[in-house]
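Written below as structure tokens is the structure these notes are about.
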Amino acid sequence: MMMTTLSTIRGFWDPVLWMAAFIIVIVITCYIRSLGKEEYKRGTEQTMVFFSGNIPPKELISSSNIYWGFFKAMEKYYTCIRRFHTGMVNDYVYYFIVIVIVIIASLIIGGVLWM
Amino acid sequence: MEVGREMFIIEHLPALVIAIPLLAAFIAPLLKRFGKHAVSVWSILNLSIVECLVIVLGYRVIKDGIQSYAIGASIPSLLSPNGLPVRIILEVDAISSFMGLTSISIILLACIYSACFMKKYKSVERYYSLLLLMAAGIMGMAFTGDMFNMFVFLEVLSISSAGLIAFYAYKGEAIEAAFKYLVISSISALMVLFAIALLYGQYGLLNIAALGAAFRFTILDKIALALLVSAFVMKCGAVPLHMWVADAYGEAPAPISASLVVASQISLYALFRICFTLFGLLPAIQIIAWFIILFGLASMFVGVTMAMPQKDIKRLMAYHAISQTGYMLLGVGVGLAVINDINALNAFGIAAMEGGIFHIINHAMYKGLLFLVAGAIIYRTGTKNLNEMGGLGNRMPITAVLFLIGMLSITGLPPFNGFASKLIIYESVFLFNPILSVVAMIVSILTLASFVKVFYSAFTGQEQSKYKDVKEIPAIMLVPLLILAFLIILFGLFPGIILKLLVKPAVQALLDRAGYIGVVV
């Protein structure tokens, strides 16, 4: 075992070995890339940013536009979860009281069953 | 003479690491007449001394075992002169020194960063005074062996943190965040006090070790346990009691956001201390363990999914802090769930706890780094809004690389430190319940997606004309960032050594209930 090795339950993790493998993969990738065509023309559509076949917009794509598909797909989840994030401190205290009651009830009922 | 002084310091180490920042906090405002720099230098100096003392204390704990100290006693090592611990006792084992070291290191680096970050503000002496008080509160919570003393330090920590969150008092949002934090902290502290009263009323004891030995597991004990667990879960910012985190971390100055990470982690430590040392033998502790696991699971998922749509860089990181707290709760919760099953504990319980505890120090480092990078962006651009950023990588290349290191670490990509702790958690939790492990992995993927968005929005993309004059941050601000990045890489490259030197002793200390109690009783 080297100094960098971390033994885990089912095996081990060695960052130095991983980095060695990573460098080998990078070298192979660069080699494969070097086999590609080099006769592309700068400033033409050949070097334009790929934007799903469309012309890229000139204005800034802001962070709010990123992952819009994910948020659309998860709309129901976000509607539900945002309902709890009211920003009101009264609600925070209410959640706390609910959690205290649930834990006390579980401990007392569960404790009786456990014994 | 020198040897005598050295012995004096070593004998009083547990008290000194609390007393130094506490006294320095009261002296700091007086130094303003010598200039702003005098206050920052004073704070850095004192925190550096505490850092050194905590390292020495940790070394003594590893070498000689638990270090204890009876406050006010003529012989500090004489803990129970009449068989009962009547004085406030500080008890430092491997887990408390682990937490102390983690916390003080981040606060020291935040303080160095503040020397430049906060210099344009008036009343910096109040800022440093509160920061030193915060350090004293954290150190007190980590090293105390007394329940009421823990409550006192919790209050010291809460009040100083609230003051720091409200530092930008000209902004309404900061005042609102501080108010919310104060309400939450007051209620938590009240519940802790009520739980202590329940325990004191039954046993006439406040010492954690003595209480642990005297327990009869009555219904009042269970109510006290529920109150303590709820209070510390809220203070550590776990879902569903996490609502204050985004406001507090988001509105506080960046170095304070980094310090609040370790302030939350010390509540996590208090939760673990209560569950393992105080109530470890309670037959129904598995119920609490499952609550901790469920809080962890909810924190991981809700934290990361709430982070993804955020536009404010610091609120986004605050939600990620909630998500990462979930990993720690999950790991240690699994260990607690199998604490009475020696086979399961040896097979995967201890490993799960090691993953959870290792994640505490890793999280403190990479989240500290990320908050300080966020502060660097705000320092140069004046905005927290990701929609208004872009192309900063050209202007702030070192900051961009440091952000990348923090980002790769929090997402759990090899070879950074976040990967090592997450790997241990995935593997051990999988043996307990595969579904929990799968959720943890999905959360890591979502974390990566979220931080790719931040990296794109802030550092790549189209350059904003209004930021064409933006420069790299000053060297003094870069130093703490570079130290944290170095530690992240170091911990990532040598996870086995860190686990052996720091994490395993901490986990063993948490499990060694008899050892902790035996020092006092």
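Going line by line, the protein sequences match chains P and G.
Residue 1 is where the first sequence starts when you use our numbering, and the numbers rise one by one after that.
Residue 1001 is where the second sequence starts when you use our numbering, and the numbers rise one by one after that.
Where a beta carbon is used, it is the ideal one built from N, C-alpha and C, also for glycine.
> Run through DSSP, which three-state label would F12 of chain P get?
Replying inline: strand
> What distance in whole Å lies between the Cβ atoms of V1304 of chain G and T1411 of chain G, which are believed to be in contact at a cut-off of 8 Å?
Replying inline: 10 Å between Cβ atoms; not a contact.
>> Would A1351 of chain G and G111 of chain P qualify as a contact pair, given that the criterion is a beta-carbon distance under 8 Å?
In response: no
> Comparing alpha-carbon positions, which option in G:T1460, G:V1192 and G:G1496 lies nearest F1151 of chain G?
Replying inline: G:V1192
> Looking at the unbroken beta strand (DSSP E) that takes in A1070 of chain G, where does it start and where does it end?
Replying inline: Q1067 to A1070
> If you pair each beta-carbon of the stretch 95-109 of chain P with each one of the stretch 1260-1271 of chain G, do three or more pairs fall below 8 Å?
Replying inline: no
> Quick one: Cα of I109 of chain P to Cα of M1365 of chain G, how far?
Replying inline: 41 Å
>> Classify K1453 of chain G: buried if its beta carbon has 16 or more other beta carbons within 10 angstroms, exposed otherwise.
In response: buried
> Contact check, V1054 of chain G vs V1017 of chain G under 8 Å by CB: the rounded distance?
Replying inline: 6 Å
>> Quick check: A1449 of chain G and Y1426 of chain G, are their CB atoms within less than 8 Å of each other?
In response: no
>> By the DSSP assignment, the alpha helix (DSSP H) with E1173 of chain G in it spans what residues?
In response: G1172 to Y1203
>> Residues of chain P with CB closer than 7 Å to the CB of V1373 of chain G, please, in chain order.
In response: What V1373 of chain G touches in chain P: nothing, since even the nearest Cβ is about 16 Å away.
> Is there a Cβ from chain P that is less than 8 Å from the Cβ of I1424 of chain G?
Replying inline: yes
> Relative to chain P, which residues along the stretch 1374-1405 of chain G have a C-beta separation below 7 Å, given in chain order?
Replying inline: L1386, N1387 and G1390
> Which residues in chain G sit within 8 Å of M116 of chain P, going by Cβ to Cβ distance?
Replying inline: Chain P is shown from 1 up to 115; residue 116 of chain P falls before or after that span and cannot be answered.
> Quick one: Cα of F1371 of chain G to Cα of H1012 of chain G, how far?
Replying inline: 35 Å
> Which of helix, strand or coil does DSSP assign to I1089 of chain G?
Replying inline: strand
>> With H, G and I counted as helix, E and B as strand and the rest as coil, what does DSSP make of G1385 of chain G?
In response: Per the sequence shown, residue 1385 of chain G should be read as Asn rather than Gly. N1385 of chain G falls in the strand class under three-state DSSP.
>> Could you pull the DSSP bridge partners for N1207 of chain G from this structure?
In response: G:D1146
>> Within 8 Å of any Cβ in chain G, is that where the Cβ of S52 of chain P sits?
In response: no
> Would you call H1574 of chain G buried or exposed, if buried means 16 or more other Cβ atoms sit within 10 Å of its Cβ?
Replying inline: The structure shown does not extend to residue 1574 of chain G, since chain G is modelled only from 1001 to 1521, so the question has no answer here.
>> Using a Cβ distance threshold of 8 Å, determine whether the stretch 1389-1402 of chain G contacts the stretch 1373-1381 of chain G, with at least three qualifying pairs required.
In response: yes
> Quick one: does G111 of chain P have its CB under 8 Å from some CB of chain G?
Replying inline: yes
>> Mapping the DSSP letters down to three states, classify L1413 of chain G as helix, strand or coil.
In response: coil
> Using 8 Å as the limit for Cβ to Cβ distance, is M1407 of chain G near chain P?
Replying inline: no
>> Given this structure, state the Cα-to-Cα distance separating V1334 of chain G from P15 of chain P, to the nearest angstrom.
In response: 26 Å
> Considering only residues of the same chain and omitting the five flanking positions on each side of L1225 of chain G, which have a CB-CB separation below 6 Å?
Replying inline: F1279
> Does the beta carbon of K1468 of chain G come closer than 8 Å to any beta carbon on chain B?
Replying inline: Chain labels in this structure do not include chain B; the protein chains are P and G.
> Per DSSP, S7 of chain P forms a beta bridge with which residues?
Replying inline: P:F12
> Along chain P, in chain order, which residues have C-beta atoms closer than 9 Å to that of Q1202 of chain G?
Replying inline: The contacting residues do not exist; Q1202 of chain G stays about 16 Å from chain P at best.
> E1091 of chain G: buried (16+ other C-beta within 10 angstroms of its C-beta) or exposed?
Replying inline: buried
>> Just to confirm before moving on: does the CB-CB distance between L1407 of chain G and F1451 of chain G stay below 8 Å?
In response: Residue identity check: residue 1407 of chain G is Met in the sequence provided, not Leu. Yes.
> chain G beta carbons: is any one of them nearer than 8 Å to that of P15 of chain P?
Replying inline: yes
> When you compare each of G:S1188, G:Q1508, G:M1353 and G:I1405 to I1159 of chain G by their alpha carbons, which one comes out closest?
Replying inline: G:S1188
>> Does any residue of chain P have a CB that is nearer than 8 Å to the CB of A1161 of chain G?
In response: Residue 1161 of chain G is actually Ser in this sequence, not Ala. No - not a single Cβ of chain P is within 8 Å of the one on S1161 of chain G.
> Are three or more beta carbon pairs between the stretch 1508-1517 of chain G and the stretch 1094-1101 of chain G nearer than 8 Å?
Replying inline: yes
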